[in-house]
Amino acid sequence: MQCEEKYLEIYHHLPENVSFCPYRICPIGAHSDHNLGKITGLAIDKGIHFAYHAKRNGVVEVASLQFPKRAQWHVSSVPKEKEGDWADYLRGATWALSKRQPLTGGRFRG
Numbered sequence: 183m184q185c186e187e188k189y190l191e192i193y194h195h196l197p198e199n200v201s202f203c204p205y206r207i208c209p210i211g212a213h214s215d216h217n218l219g220k221i222t223g224l225a226i227d228k229g230i231h232f233a234y235h236a237k238r239n240g241v242v243e244v245a246s247l248q249f250p251k252r253a254q255w256h257v258s259s260v261p262k263e264k265e266g267d268w269a270d271y272l273r274g275a276t277w278a279l280s281k282r283q284p285l286t287g288g289r290f291r292g
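So the mapping is simple: the numbering used here equals the position in the sequence shown, first residue as 1, plus 182.
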């Protein structure tokens, strides 16, 4: 798997875990459920592989096989403005999760 090889190259040790999140498709349209229609979403064999290990200092660091720049931020000080890169969604997810509960340790690096 390419993500494990890249992880080893960047961090010089194997990840604690590797997860896979399949892409979903919805042949009749993604918004049919808003109109009380049936949902036909299904997972396919393509998706995202995610290699990681937990960190205890609150720093989130991410790298991608598709983009050259790595991104890093602290869970308690997520940038408020978009940075215009591939990690904006992940920063936004970190911010949204932090509004629901404190994010203190065991964050991911990968």
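Just so it is clear, CB atoms sit at the ideal spot from N, CA and C, and this is done for glycine as well.
Endpoints, the beta strand (DSSP E) within which residue i is located
i	result
L224	L224 to K237
Q254	A253 to H256
C203	N199 to I207
E265	No beta strand (DSSP E) holds E265; DSSP gives it neither H nor E.
V241	V241 to V244
Delimiting residues of the alpha helix (DSSP H) encompassing residue i
i	result
L190	Q184 to Y193
Residues near residue i by beta carbon distance below 8 Å, same chain, minus five either side
i	result
I226	P204, Y205, R206 and I207
E198	Y234, H235 and A236
G229	F202, C203, P204 and Y205
Expected contact under 8 Å - CB spacing of residue i and residue j to nearest Å
i	j	result
Y189	A233	4 Å
Cβ-based neighbour list, residue i, same chain, cut-off 7 Å, excluding 5 preceding and 5 following
i	result
I277	For the record, residue 277 in the displayed sequence is Trp; it is not Ile. Only V260 meet the Cβ criterion.
V244	R252, A253, A269, L272 and G292
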